[in-house]
Amino acid sequence: MSSDIVRPNSISQLMPNMKNVNLTFIVLDIGQSRRTPQGHDVRTIRVADPTGSVLMGVWNDVGDNISAGDIWRLRNGFTTIFKGSLSLSYGKIGELLKTGEFFMVYSDIPNMSEYNAEYATKFPSNRKGSPDDETAGNGHGGNGSVQRSHSTAGIHRPIKRSAPSQGQFRRDGLPGVFYKISYESFMKLAVWFIAMFRYFFLLLLAQLCPHFPIGATSV
């Protein structure tokens, strides 16, 4: 029973060579895809939760289907170090599930993938050429019964921060904490708020001026 308990982590808690990492994050940035000598397509993404952000490598199909603003849940992941930079991974026995879009409070600081001289000295770099190599090279263990969904690996190229892509808005709240929503979602919310405002305004007007010709008060 105890082996089935999933203990959630946060990005700010990530340390080198952690195993059984379970967390929920939102995708901030997606890097360009590149082809490895082994024929795998890999790209680097930046993900975040309310405590910070970190780089993560995604392989093949998952990289083609992931979008900025997506919210994902990672189970049985792990961390790796490449050239002094920490990265989040999940290999072939981890599980990655999309749970939503856009509406999640997050912080992009601290950046857990910033270069760390101590990490660079203590952990030699060994770039992996495939998702299977990644798991084997890090000695990643865990529950063998976990279903494999996709495969990712720790590719640690820095992502240049850019303005939000077309159709997205970023609104600052607390320092380093903000929301990201799509243009379509924003317009739907705007229409809903306008309709509700109209309804309650007409309802209030009907109470204050019962003889005023208002007409239908329903939305």
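According to UniProt numbering, the residues represented by the sequence shown are 1 to 219, in order.
Note that beta-carbon positions come from the ideal geometry of N, C-alpha and C, so glycine has one too.
Classify residue i as helix, strand or coil using the three-state DSSP reduction.
i: E101; result: strand
i: T121; result: helix
i: Y106; result: strand
i: N116; result: coil
i: A48; result: strand
i: L28; result: strand
i: I66; result: coil
i: L14; result: coil
i: N60; result: helix
i: I93; result: coil
Excluding the 5 residues flanking residue i on each side, which residues of the same chain have their C-beta closer than 7 Å to its C-beta?
i: Q166; result: Any reading at Q166 needs caution, since the residue's pLDDT is 32, under 50, leaving its predicted position unreliable; the model's value is listed next. Contacts found: none.
i: R35; result: D41
i: D108; result: L28, A48, S53, G176
i: S10; result: L23, D49, T51
Taking all protein chains shown into account, do 16 or more other C-beta atoms lie within 10 angstroms of the C-beta of residue i, making it buried, or fewer, making it exposed?
i: A136; result: Note that A136 has pLDDT 41, beneath the 50 cutoff, so the model's placement of it is unreliable and no number is given.
i: S67; result: exposed
i: R198; result: exposed
i: T99; result: exposed
i: L204; result: exposed
Here's a check: name, in chain order, each residue in its chain whose Cβ is nearer than 6 Å to the Cβ of residue i, leaving out the five neighbours to either side.
i: T121; result: none
i: L97; result: R73
If I'm right that residue i touches residue j with Cβ under 8 Å, what's the distance once you round it to whole angstroms?
i: residue 223; j: L74; result: The requested residue 223 is not part of the displayed model; the chain covers only 1 to 219.
i: F78; j: K19; result: 5 Å
So, do the region 39-47 and the region 90-105 have three or more beta carbon pairs nearer to each other than 8 Å? no
Does the region 27-39 come close enough to the region 79-92 to have 3 or more Cβ pairs within less than 8 Å? no
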